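Visitor:
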Amino acid sequence: MRKITFIITTFIFAFCGLFLSQTVRADDTTTKPFTDNEILGVGSYFNAFAAGTMTIDANNTAHLEGRYASNILESSTDSWNARNSDTQWGTITSDASGNAIGKPLFTANKVDSSTTYGAYMRHMLDPNARQRDNLAAPIVSSKNQVVINNIQAEAKDYTDTDKTNHATLMSILDMDHTVGTTSDFSGTSGSKLASVSGKTLDPSATDASAYFDAAAIQFNKISQYYDQLTQPTSDDSTSEDKVVVNDHVNDAKVTQTTPEYQNYTNLTIDVTLPDNYSSDANYKTPPVIMVGINAANATDKVLNLTIKIHNMNTATTSVQAGDSSYDSYTYAPYIFINWDNVTTTSPFSDWQGSFKMQAYNGTDPDESPVNSSNGTEQSQLFSSHVLNNFPNATTSGTDTLEFGNTNEDSQLCGAMLLPNASVSLGSGSKTLYGSILSGKNITIAHDMPTSRLIAGTFDINDISGNVFNDLHSVGPYIKNLNLVTTNQLDDSSILPGSTGDTANEKTIHVTDPTKSVGLQGTVVTRNKNYQLFYKLSNSKTSTDWQRLNASGVNTNDNSTFKVNNLTSLSGYQQNLTTDSMQSEAAGDMPSLSTVGGNLQRKNQIELVVAPKTDDDGNAITANSDLSTYQHTTINLTETGKLTANIPNIFNLTADATDPDIYSSPSDSQNITIVNDWRVPYTLNVQYNNDLAAKLPEDGYTLFDQPKLLSYTANGTAFDISQPLLQQSGDNSLIATSSSDFQIKLNMKQLLASGIVQTGKKYEFPLYWTLNYKLTS
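When you line the sequence shown up against numbering that gives the first Met the number 0, it's residues 0 to 775, in that order.
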């Protein structure tokens, strides 16, 4: 069969349009620096942890119960001549139920006997034979243990005589564990410590200082993590304190007053809990309240902070240890306070302010706070569920933050996290209920009684790090939010509360413009009537806040709302713009070239959920200040194709009925139109003399007699000067189409004239144009 190959050098052109820039979502920089079951990191199970030196004044610390860790352990006094006769440390190693607590008493890298204070501590742990004979009991209870790396390394070389001479020490020294092999520093805890700090940790090394250096880094990162959860955003007033809560808190109201001509500020936070928060099912995720004391607030004033917990189940749990029992609230919420305003030892070096926790059984504003029937202070009852974070407190030299200088009912309670400050508990201090974690040094010159061990240790077991994934500002808030469409969308979920650099970026690939795009969400109402507001921004307009009419808005605990079609919102951009449109010449002779590209429309939707009235009963409207309520931003792009695949190569073969007529086979010369948006378009093709002047290319012969060619489309002849394919506005919703395009040549005339020859390749320049209207 004779064959003539026509290479149609296809030049294609399409209209191009403008398109909006997109906001790129920022990377997540808030990765938790702790495992979910140990939210205080390596310090989670210690009553005091000093990444530097822990100094104990043995003369003023007759009772020391709990678990203590430090790089260096020492005593500021040699208590053998002046100590109380009943000095005893580490007597409590389990509670009445058999739960292990308070063991080992010390976990330390070293006790340095070459220093004065180190020698004093060594003397406490390792009295000589004569002193042992005069003791009713060793200073550290024989029921307890200590893990001290450098002493263990020394003891490994003891002779039998040495072991006799150091009998008291050997009775308490754990010879099976180094710092790095204890449960606190190994396993997942150790792995997290290493990854967070970037330190190489060797559990077999005698020098374990790397573990404590790593702990200091982890404490810093934990402190920063908690602090960023209450940092003001672009929607907040930077001069105000901020409170965020989880689902299990109904309300939290901050009231701050600074009386004229007075040197104090009163800051009161009223928290209301749901009726059923303490049920077994609900308390698996306990209420969480996070308070940020702004760095610019109350720096030159005495601060009186009162936290009132309303509608609280005030049942207590009593733990028996030794000869006494110790109470704490069974269903207390967890309260985290970021003291951004504390930068040095002030105000705690001589703090005249107060810190009060108060529990209320109900919500009556005239109700009196609950008092323990046995006189137990509120600071003890709440302490195991309170964390005080001091991210900006910094000390140097011998400066320390000293706690416990106020009345029992006015002093701080709860765990203390101070990554960059040293801490002291003076001899005149009141009992501080709470753990202390310092990235520097801790000085203890005060009894650390059993009540502090039992009631004051931070309750790590009833809270998971997962609670920090779902904190919100007070008031109604959107918990779940999704786009609803049958068009292609890889991920329909919207992250509520994300705006600015973290706005939600969503792209819908349109395949049928008749299908709507809706929005559906769940609001946690906090038992308040709520409403939704929105505003739209796009290339055409930027609206003011407007009330969003959505179905399903009500006052149930969890209310589901729905907007059926976002295009119905006032100001929604309906018109299309062009993006990534192609205009090219098929110089490399592919079998097909493509003209056209993507058409799209972009809309930024901002959504706010707010109560219907403010705290004073005033109506909240679209003209109100909405900045304090939850904002969510969605940058929505809807995109679809308008393309035409154009054949470039036509193999012409002799007609079966007339060997002098050559044509291309219809089954291989298809033009495929993809028109996702169903916009009106025309596809035109013309012979172009200007383009012909640039041909032929190597290996081809120019065919420059266009009038000798005839054309058919779908078997029907057409004039090349008219639109080849057309989809009118009246038929704008016709399904995506595919059409056949066929060129036939009268080979009798061509062969007779000698213009073409069989077996040769010819170039023939055609200029294609895809025209369309940019409307949806």
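Yeah, the Cβ is synthetic: ideal placement off N, Cα and C, and Gly gets one too. Since this is a predicted model, take the numbers as computed values, not measurements.
(1) Taking 6 Å as the limit between beta carbons, can you name the residues of its chain near residue 255, skipping five residues before and five after?
(2) Residue range of the alpha helix (DSSP H) that residue 220 falls in?
(3) Taking residue 283 as part of the alpha helix (DSSP H), name the residues at either end of that continuous run.
(4) Just to confirm the assignment: which complete beta strand (DSSP E) runs, minimum length 3, are found wholly within the stretch 615 to 682?
(5) If you measure between the beta carbons of residue 339 and residue 391, is that distance less than 7 Å?
(6) Could you name the residues that DSSP lists as bridge partners for residue 139?
(7) Please report how far the alpha carbon of residue 690 lies from the alpha carbon of residue 712, in whole angstroms.
(8) Nearest to residue 435 by CA position, among 182, 543, 382 and 697, is which residue?
(9) Using a Cβ-Cβ cut-off of 6 Å (strictly less than) and excluding sequence neighbours within five positions of residue 378, which residues of its own chain qualify?
(10) Between residue 559 and the rest of its own chain, which residues show a CB-CB distance below 6 Å, the 5 nearest in sequence each way excluded?
(11) Between the C-alpha atoms of residue 604 and residue 534, what's the straight-line distance to the nearest angstrom?
(12) Under the three-state reduction of DSSP, which class applies to residue 758: helix, strand or coil?
(13) Any idea what DSSP makes of residue 519, helix, strand or coil?
(14) Just tell me which of 156, 393, 75 and 261 has its CA closest to the CA of residue 116.
(15) Residue 707 bridges to which residues according to DSSP?
(16) Under a Cβ-count criterion, where at least 16 other Cβ atoms within 10 Å of its own Cβ denotes burial, should residue 487 be classed as buried or exposed?
(17) Hey, how far is the Cα of residue 624 from the Cα of residue 532?
(18) Going by the CB atoms, is the gap between residue 328 and residue 386 shorter than 7 Å?
(19) If we ignore side chains and look at the alpha-carbon of each, how far apart do residue 42 and residue 214 end up?
(20) What did DSSP end up calling residue 526 once you bin it into helix, strand or coil?
(21) Where does residue 441 fall in DSSP's three states?
(22) Secondary structure at residue 482, three-state DSSP: helix, strand or coil?
(23) Bridge partners for residue 493 per DSSP, in chain order?
(24) By the DSSP assignment, the alpha helix (DSSP H) with residue 169 in it spans what residues?
(25) For residue 137, which residues of its own chain have a beta-carbon under 8 Å away from its beta-carbon, when the five flanking residues on both sides are left out?
(26) Which residues in the same chain as residue 779 place their Cβ atom closer than 6 Å to its Cβ, once the five residues preceding and following it in sequence are excluded?
(27) Which residues share a DSSP beta bridge with residue 700?
(28) For residue 376, does the three-state DSSP call read helix, strand or coil?
(29) Could you name the residues of the same chain whose beta carbon sits closer than 7 Å to that of residue 570, not counting the 5 residues immediately before and after it, in chain order?
(30) Three-state secondary structure (DSSP) at residue 189?
(31) Tell me, to the nearest whole angstrom, how far the beta carbon of residue 313 is from that of residue 326; I am working on the premise that it is less than 8 Å.
(32) For the stretch 473 to 483 against the stretch 449 to 465, are there 3 or more C-beta pairs whose distance is under 8 Å?
(33) Just mark residue 734 as buried or exposed, buried being the case when its beta carbon has 16 or more other beta carbons within 10 Å.
(34) Reducing DSSP to helix, strand and coil, say where residue 248 ends up.
(35) According to DSSP, simplified to helix, strand and coil, what is residue 567?
(36) If you count every other CB in all the chains shown that lies within 10 Å of the CB of residue 696, and 16 or more means buried, which is it?
Guide: According to the structure shown:
(1) Numbered from 1 along the sequence shown, position 256 holds the residue referred to as residue 255. So the qualifying residues of the chain are 266.
(2) The residue given as residue 220 occupies position 221 in the sequence shown. 208 to 227 is the extent of the alpha helix (DSSP H) around residue 220.
(3) Translated into the one-based positions of the sequence shown, residue 283 becomes position 284. Residue 283 -> no alpha helix (DSSP H), and no H or E assigned at all.
(4) 629 to 646, 648 to 653 and 669 to 674
(5) Sequence index remark: in the sequence shown, residue 339 carries index 340 (1-based). Sequence index remark: in the sequence shown, residue 391 carries index 392 (1-based). Contact annotation: residue 339 and residue 391 have beta-carbon atoms nearer than 7 Å.
(6) Counting from one through the sequence shown, the residue named residue 139 turns up at place 140. According to DSSP, residue 139 bridges with 88.
(7) Counting from one through the sequence shown, the residue named residue 690 turns up at place 691. Counting from one through the sequence shown, the residue named residue 712 turns up at place 713. Going by the C-alpha atoms only, they are around 24 Å apart.
(8) Start at 1 with the first residue of the sequence shown, and residue 435 comes out as number 436. The candidate whose alpha carbon is nearest that of residue 435 is 382.
(9) To locate residue 378, count along the sequence shown from 1; it is residue 379. Shown here for residue 378: same chain residues with a beta carbon closer than 6 Å to its own, the five before and five after excluded, namely 412 and 432 in chain order.
(10) As a position in the sequence shown, residue 559 is number 560, starting the count at 1. Once the five neighbours on either side are set aside, the close Cβ partners of residue 559 are 521 and 551.
(11) As a first step, residue 604 must be located in the sequence shown, where it is residue number 605. As a first step, residue 534 must be located in the sequence shown, where it is residue number 535. Whole-angstrom Cα-Cα distance: 6 Å.
(12) Mapped onto the sequence shown, residue 758 falls at position 759. Residue 758 falls in the coil class under three-state DSSP.
(13) The residue you call residue 519 lines up with position 520 of the sequence shown. Residue state, collapsed to three classes: strand.
(14) Here residue 116 refers to the residue found at position 117 when the sequence shown is read from its first residue. When each option's Cα is compared against that of residue 116, the closest is 75.
(15) Walking along the sequence shown from the start, residue 707 turns up at place 708. Per DSSP, none; premise fails for residue 707.
(16) Taking the first residue of the sequence shown as 1, we reach residue 487 at position 488. Looking at its Cβ environment, which holds fewer than 16 other Cβ atoms inside 10 Å, residue 487 is exposed.
(17) Here the question's residue 624 lines up with position 625 in the sequence shown. Here the question's residue 532 lines up with position 533 in the sequence shown. Near 12 Å, if we compare the C-alpha coordinates of residue 532 and residue 624.
(18) As a first step, residue 386 is located in the sequence shown; it is residue number 387 there, counting from the start. As a first step, residue 328 is located in the sequence shown; it is residue number 329 there, counting from the start. No; because the gap between Cβ atoms is not below 7 Å, this pair is not in contact.
(19) Translated into positions along the sequence shown, residue 42 becomes position 43. Translated into positions along the sequence shown, residue 214 becomes position 215. Their backbone Cα atoms lie some 8 Å apart in a straight line.
(20) To locate residue 526, count along the sequence shown from 1; it is residue 527. Looking at residue 526 - three-state DSSP - the assignment turns out to be coil, as it is neither helix nor strand.
(21) Counting from 1 along the sequence shown, the entry for residue 441 is found at position 442. If DSSP states are grouped into helix, strand and coil, residue 441 belongs with the strands.
(22) Position 483 of the sequence shown, counted from the start, is the residue given in the question as residue 482. Residue state, collapsed to three classes: strand.
(23) Numbered from 1 along the sequence shown, position 494 holds the residue referred to as residue 493. Answer is 480.
(24) For this step, residue 169 is matched to residue 170 along the sequence shown. Element bounds for residue 169: 166 to 171.
(25) Your numbering for residue 137 matches position 138 in the sequence shown. Contacts found: 126, 131, 167, 170 and 171.
(26) Past the boundaries of the shown model lies residue 779; the chain is included only from 0 to 775, so the question cannot be answered.
(27) Reading the sequence shown from its first residue, position 701 is the one you call residue 700. DSSP, once it has assigned bridges, lists 761 as partnering residue 700.
(28) Along the sequence shown, one-based indexing puts residue 376 at 377. In the three-state reduction of the DSSP assignment, residue 376 falls in the coil class.
(29) Locating residue 570 in the sequence shown gives position 571, counting from the first residue. Cβ within range, chain order: 535, 540 and 542.
(30) Locating residue 189 in the sequence shown gives position 190, where the first residue counts as 1. Assigned with DSSP and collapsed to three states, residue 189 falls in helix.
(31) Residue 313 sits at position 314 when you count from the first residue of the sequence shown. Residue 326 sits at position 327 when you count from the first residue of the sequence shown. A Cβ-Cβ separation of about 11 Å leaves residue 313 out of contact with residue 326 under the 8 Å criterion.
(32) Contact between the stretch 473 to 483 and the stretch 449 to 465 is absent: fewer than 3 CB-CB pairs across the two stretches fall below 8 Å.
(33) Here residue 734 corresponds to residue number 735 of the sequence shown, with the count starting at 1. Since pLDDT at residue 734 reaches only 42, below the 50 mark, its modelled position is unreliable, and no value is offered.
(34) For the purposes of this step, residue 248 is taken as residue 249 along the sequence shown, with counting starting at 1. If DSSP states are grouped into helix, strand and coil, residue 248 belongs with coil.
(35) Here residue 567 is taken as the residue at index 568 of the sequence shown, counted from 1. Reduced to three states, the DSSP call for residue 567 is helix.
(36) Residue numbering aside, residue 696 sits at position 697 when the sequence shown is read from its first letter. By the 10 Å Cβ count, residue 696 comes out exposed.
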